[in-house]
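These notes are about the structure you will find just below.
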Amino acid sequence: MREIVNNGMAEALRIVSIERGHDPREFCLVAFGGAGPLHAAALAEELEIPRVIVPPIPGGFSALGLVGTDVRRDYARTLYQPLSDLEARDISAVWSELITEGKHMLKESGIPASRWQFHRSADLRYTRQAYELNVTADEGEFTTTAKDQLADRFHARHKQTYGHQNPNEPVHLVTLRLTAVGKLDRLEITHRPDPIGNSEKSRRSAWFSDVGTVECAVHDRSRLNATSRLTGPAIVESLDSTLVIPPGWSASNDHRGFITMERHHNG
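Numbering that gives the first Met the number 0 numbers the first residue of the sequence shown as 0 and each following residue consecutively.
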């Protein structure tokens, strides 16, 4: 059952790496979620990823990211007209309405005006196309020149994306978009004092596909210090997750509680 699950996750990793032109051997794998550290080493072995990083509180890592991310809301208004038929002031008026909505949201969220940001963009396409490309617009007043620049950027983006462009083809404006952002202070994971005592709390038998059943140490993650070095096979337990360090892997802990696992190469 575990191998079936691992194969599914490994395939997902291939989709977001190899199929996008990235070599997973040139990256490290960040293992978070309650079960992530349990599967991380096996996935890294499958894709030949040399290093795994396990952050503090992996079971709550996504929630931590949500708490620390900026406040953001996206707004859109569909127009679907040839860009040449629209006056710059009409486009600007729509964006102004969206900005007003964004300001209200950020104010209600308690974000000071000094931390507000607004990013304008438009979904454009050639006549008779069934898909659009999103093109950003510069800040400041949206003038006729800015409208022409928007069309030029679309042609360039189309060539970059599809390998060709047609500057003589009419450009259709499908949707105006606005992203309202309220910047928040970045969260920092501070250094923590080293705990006193031994992190190893017990030993037990565990089965690994490569070596079978072996005895391994079980460690309490909260008692690991910055000099802790663990050699697999070993298990590291915490309230929110379990980390498995298989044979052939080692792990080290740092002052902020990040655990780094690395594979050993034989021969």
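Backbone N, C-alpha and C define an ideal beta-carbon position, used for all residues, glycine too.
I need the boundaries of the beta strand (DSSP E) containing residue i, first residue and last residue.
i, result
"N167", "Note, N167: premise wrong, no beta strand (DSSP E); not H, not E."
"G211", "G211 to D219"
"F141", "Careful: F141 lies outside any beta strand (DSSP E) and carries neither H nor E."
"L28", "C27 to V29"
"S113", "From DSSP, S113 is part of no beta strand (DSSP E); its letter is neither H nor E."
Using only alpha-carbon positions, find the residue among the options that is nearest to residue i.
i, options, result
"H190", "H254, G7 and L65", "H254"
"G247", "T230, I188 and R176", "T230"
"R124", "Q80, D22, S91 and E96", "Q80"
"M199", "I90, I234 and W94", "The amino acid at residue 199 is misidentified as Met; the sequence shows Glu. Out of I90, I234 and W94, I234 has the C-alpha closest to the C-alpha of E199."
"A136", "V180, G64 and F153", "F153"
"P49", "A40, N252 and P57", "A40"
"T259", "D239, L238 and R220", "R220"
"H263", "V51, V29, G32 and N5", "V51"
"E86", "S240, H157, T142 and G211", "T142"
"Q159", "F117, S108 and N133", "N133"
"V210", "G33, P245 and R1", "P245"
"D73", "L97, S61 and S108", "L97"
"A75", "T178, L82, E107 and S61", "T178"
Taking a contact to mean a Cβ-Cβ separation below 7 Å, would you say residue i touches residue j in this structure?
i, j, result
"R176", "S120", "yes"
"P57", "F31", "yes"
"D69", "V180", "yes"
"L42", "M8", "yes"
"Q164", "H157", "yes"
"R222", "P192", "no"
In terms of residue numbering, what span does the alpha helix (DSSP H) encompassing residue i cover?
i, result
"R1", "R1 to V15"
"T135", "Taken as a continuous stretch (DSSP letters only), T135 belongs to no alpha helix (DSSP H), being part of the beta strand (DSSP E) at L132 to T135."
"E18", "Note, E18: premise wrong, no alpha helix (DSSP H); not H, not E."
"H38", "G35 to L46"
Within 10 angstroms of its Cβ, does residue i collect 16 or more other Cβ (buried), or is it exposed?
i, result
"D122", "buried"
"G35", "buried"
"A129", "exposed"
"E238", "Reading off the sequence shown, one finds Leu at residue 238, where the question assumed Glu. Exposed, because fewer than 16 other Cβ atoms sit within 10 Å of the Cβ of L238."
"L65", "exposed"
"V173", "buried"
"W94", "buried"
"A250", "buried"
Any idea which residues DSSP pairs residue i with across the strands?
i, result
"W94", "W94 is not bridged to any residue."
"A250", "L229 and M260"
"S201", "V217"
"H171", "P81 and R124"
Can you tell me whether residue i sits near the ligand MN, meaning its C-beta is under 6 Å from at least one heavy atom of the ligand?
i, result
"L78", "The model depicted lacks the ligand MN and carries no ligand whatsoever."
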